[in-house]
Amino acid sequence: MSPFVMDGNRRYARMNHKQIPQGHAEGYVALRRVLEICLRLNIKCVSVYAFAIDNFKRPEDEVQALMSLAQEKLMELCQHGDLLEEYGVRLNVLGKRELLPKPVREAIRMAENMTRGHNRSILNICMPYASTDEITTAVQSCVKNALAKDDVDLRISTQDVEDNLMTSKAGSPPLDIMIRTSGVKRLSDFLLWQCCEDTQIQFCSAYWPDFGLFDFVPIILDFQRKAWTM
39 MSPFVMDGNR RYARMNHKQI PQGHAEGYVA LRRVLEICLR LNIKCVSVYA
89 FAIDNFKRPE DEVQALMSLA QEKLMELCQH GDLLEEYGVR LNVLGKRELL
139 PKPVREAIRM AENMTRGHNR SILNICMPYA STDEITTAVQ SCVKNALAKD
189 DVDLRISTQD VEDNLMTSKA GSPPLDIMIR TSGVKRLSDF LLWQCCEDTQ
239 IQFCSAYWPD FGLFDFVPII LDFQRKAWTM
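Residue numbers (the numbering used here): 39 to 268.
The structure is reproduced here in structure tokens:
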């Protein structure tokens, strides 16, 4: 699995004297571009950090613009003959969906249903997401399952937690390489459990709307070089 922290849309917009919503819209164009690159490189699972739970603290007009963009682009991605159909990509939206506006939840439901039969690749869009919330929810599910079985011992293993993570339920493979754009060097509560000792973390200085093939290829080559020497 190759996850992306799609960072830098707002700074990209300011640097180019554009409105913040335009920066996010160009971030979506970058997502399509990078997803197609991944699929052509035979990367079978891509996860993107689209909207953090904490992002609801941003200005109301920006949040509303992001929700409208998400609703529009979720359906666009799944149109007949579009990228997900061409490459057989199943779409999963992972996160605390109940926090999203009803029209966005409906768009998610329709988009997931439209790609449910696709089985060649996976796209996980994480929104609204926080790794700490994912882990907490997984532990709660473990306890609930144990109580349902009258398991008075209530021992929870790491495998139990892992089996109940959103990524596991979505059928995602282990995390190989994580990429964050914009030069910021932190994980920002994204896939913390999934980052294991074998995960390579790469930070790229390009803002997400600018990220493309010439940024991605050196990262992939470095990943392969390190994998061969392990």
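Backbone N, C-alpha and C define an ideal beta-carbon position, used for all residues, glycine too.
So, under 8 Å CB-CB, residue i and residue j are touching, yes? Tell me the CB distance rounded to an integer number of Å.
i	j	result
Ile160	Ala208	7 Å
Leu129	Leu121	Contact doesn't hold; Cβ gap of about 10 Å is too wide.
Leu107	Tyr66	7 Å
Met113	Met148	7 Å
Met39	Cys83	4 Å
How many angstroms separate the CA atom of residue i from the CA atom of residue j?
i	j	result
Arg339	Ser206	This structure gives no information on residue 339, because the portion of the chain shown stretches from 39 to 268.
Glu172	Thr153	23 Å
Asn162	Arg143	15 Å
Gly133	His62	19 Å
Asp236	Asp214	7 Å
Asn157	Phe42	21 Å
Tyr245	Asp45	6 Å
Arg78	Ala184	43 Å
Leu225	Trp231	11 Å
Gln60	Glu200	37 Å
Leu104	Thr174	26 Å
Gln197	Gln57	45 Å
Ala186	Phe252	52 Å
Met165	Ala265	30 Å
Asp248	Thr267	31 Å
Glu110	Arg52	23 Å
Val72	Gly250	6 Å
His55	Arg193	55 Å
Phe94	Gln117	28 Å
Go to residue i, then tell me how far its alpha helix (DSSP H) extends in each direction, as first and last residue.
i	result
Gln197	196-201
Val43	Element bounds for Val43: not the alpha helix (DSSP H) but the beta strand (DSSP E), 40-43.
Arg263	251-267
Ser206	204-207
On the DSSP letters alone, give me the boundaries of the beta strand (DSSP E) that residue i sits inside.
i	result
Phe241	238-241
Arg193	Run containing Arg193: none; DSSP gives neither H nor E here.
Arg218	215-218
Return the chain-ordered ranges of every beta strand (DSSP E) run that is complete within the stretch 50-97 and spans a minimum of 3 residues. 83-87
Ordered list of alpha helix (DSSP H) runs contained in the stretch 124-175, each at least 4 residues: 140-153
Could you say if the stretch 234-244 and the stretch 257-267 meet the contact criterion of at least three C-beta pairs nearer than 8 Å? yes
Meets three-Cβ-pair contact criterion under 8 Å: the stretch 172-181 and the stretch 90-108: no
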